Structures are given as C-alpha cells and as structure tokens.
Amino acid sequence: KKKKNKDTWLKNVQCATDLILELTNHKEMFSMRERDLALVTAHIGKTMQQQQQQSSSSSSSSSSSPSSLDTEDGCIPYQVYHVCTEVLIALIQRFPKQLCTCVPCFIGAVQMLWKHILSIPTPSSSSLESLELLSGRFARLTERMVPHSASLKKHVVGLVLEFVQALSRPDMVPSRKRALTPAVYSLLDILSSFEFKTLHSLLLQSSSSLKSDNNNNNNTTNNN
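The opening position of the sequence shown corresponds to residue 1 in the UniProt record's numbering, with each subsequent residue numbered one higher.
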C-alpha cells in the first residue's frame, strides 16, 4: 500500500509539472500572472520540503543505509527533483519580469532544492552518483539565474552561507565539493560587490561567535 501511494504521488507530481511546462512553452496562448507564478513556486518549495522530511524520517527509521535515487535512503526521487528544477528553469526563462515580483517564493523553492543536495548522506559510490545528478540539475538552474542577478543577488547570500557552513561538516569530502562547485560558482556570479561585502561581514561574525563559544567551553573545562 505504501509503494502504491508513493507511485500515485509520483504520477501526480509528474502530471502537474508536465502541464505547467506545456503551458510555459505556449505562453502566447496562456499568460501566467504574478500570483500564478508565486503559487507554483511556493508549491514546488512545499513539495520538496515535505518530501525531504519524509525521506529523512524513512532514512532514520531504516536499519540499513544503502544509497539510491529513492526516498528510502534520504534522497528525494531523482524524477521529482528533475521536474521541479525544470519548472523553475522554464519559469525564469519565460516569465523573468513577472518573477521579479515574487522573488521570495522563487528563492524559497531554490533553497529547498539546495538544502536537499547539502543534506544527502556521505557520498559512497552510489550516493555520489545521486549527488552528481542532482547537483548537475541544480547547477543548470543557477546558470539561468545569473542573467537576473539584479533582482536575485540579495537573496542568494543565504544560499552561499549555507554552503560555507556545510564545509565544516565531516561529510564534506572532496567528491562532494567537486559535485557542488559548478552551482556555487554560479551563485557567486550572481552576487555584486555589495553582497560580497555583506557575505564577508556575516562570515566574520560567524567566525567570531564560533571562537567565543569555543573559548567559553575551554574555560568551563579548565574550571572544572
């Protein structure tokens, strides 16, 4: 029953995204308004969030930890990630002006895609394949975002920060870094000099806070 429900859900997602892609390819016949785009991007973000939560729950309750393009290992099915990414790419290509009015919803969906890549379990031979496939899709999306940096730049700082924070994790092995690099470069291309200064300031604050916490822990240990 669980598999049947999952298959039905996947078919529903596929049908919905296929319809949206078909409509965006014929914008002379169907024009999406700003609220339509906000609704679509918000639903993509929600879909990714819910699926990621279910994937994490399934992964933590499972005694084994094989890696595949499926939800059982903590990975969102590749076809779901693929179609969600394709919809966002189509929207930013076909309706860039309208998207400027609902950037938070768009970035929210992009953030959920990014969070999932960063949370994929430590790459093994099979999970590395998952990571490379998903990272490739995400890099394609971020490349399409670069021409629209004027409206996206201040929202991308948070995405870069998430990557920087993930660098300190034990599972940020060289293979993971290599897979994520193209997307990170595209995100950096979106930033202006002002956003770079903001990012630098935030990193300094984070470093100072981490150093302060570490000193406090050392003092507590010495006192004991």
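Glycine residues also receive a C-beta, built at the ideal position from the N, C-alpha and C atoms. The structure presented is a predicted model; accordingly, all values stated were derived computationally and were not measured.
Straight-line Cα distance separating residue j from residue i
i: residue 38; j: residue 129; result: 32 Å
i: residue 167; j: residue 28; result: 45 Å
i: residue 11; j: residue 176; result: 30 Å
i: residue 40; j: residue 80; result: 15 Å
i: residue 33; j: residue 93; result: 15 Å
i: residue 161; j: residue 196; result: 11 Å
i: residue 87; j: residue 20; result: 7 Å
i: residue 179; j: residue 138; result: 11 Å
i: residue 171; j: residue 157; result: 23 Å
i: residue 17; j: residue 23; result: 10 Å
i: residue 200; j: residue 194; result: 10 Å
i: residue 190; j: residue 115; result: 19 Å
i: residue 31; j: residue 150; result: 24 Å
i: residue 205; j: residue 198; result: 11 Å
i: residue 6; j: residue 192; result: 43 Å
i: residue 36; j: residue 9; result: 22 Å
i: residue 142; j: residue 136; result: 10 Å
i: residue 140; j: residue 78; result: 15 Å
i: residue 13; j: residue 82; result: 11 Å
i: residue 154; j: residue 107; result: 11 Å
i: residue 46; j: residue 144; result: 22 Å
i: residue 169; j: residue 121; result: 11 Å
i: residue 119; j: residue 26; result: 36 Å
i: residue 67; j: residue 127; result: Note on residue 67: pLDDT 37, under 50, position unreliable in the model; the coordinate value appears next. When rounded, the distance between both Cα atoms is 5 Å.
Inter-residue CB distance, residue i and residue j (contact presumed, cutoff 8 Å)
i: residue 184; j: residue 152; result: Their Cβ separation, rounded to whole angstroms, is 15 Å, which puts residue 184 and residue 152 out of contact at 8 Å.
i: residue 105; j: residue 42; result: 5 Å
i: residue 111; j: residue 187; result: About 11 Å; that fails the 8 Å criterion.
i: residue 44; j: residue 90; result: 11 Å between Cβ atoms; not a contact.
i: residue 117; j: residue 133; result: Actually they are not in contact, since the Cβ atoms of residue 117 and residue 133 sit about 10 Å apart, beyond 8 Å.
i: residue 164; j: residue 113; result: Between residue 113 and residue 164 the Cβ distance is about 18 Å, and since that is not below 8 Å, they are no contact.
i: residue 84; j: residue 48; result: 6 Å
i: residue 148; j: residue 182; result: Actually they are not in contact, since the Cβ atoms of residue 148 and residue 182 sit about 18 Å apart, beyond 8 Å.
Bounding residues of the alpha helix (DSSP H) (the contiguous stretch that carries residue i)
i: residue 30; result: No alpha helix (DSSP H) contains residue 30, which DSSP labels as neither H nor E.
i: residue 96; result: 96-99
Residue i - DSSP class collapsed to helix/strand/coil
i: residue 36; result: helix
i: residue 191; result: coil
i: residue 25; result: coil
i: residue 104; result: helix
i: residue 65; result: In this prediction, residue 65 scores a pLDDT of 39, lower than 50, which makes its location untrustworthy; the coordinate-derived value is nonetheless stated afterwards. Reduced to three states, the DSSP call for residue 65 is coil.
Note down, one range per segment and in chain order, each alpha helix (DSSP H) of at least 4 residues found wholly within the stretch 113-187. Within the stretch 113-187, the complete alpha helix (DSSP H) runs of at least 4 residues are 125-145, 149-166.
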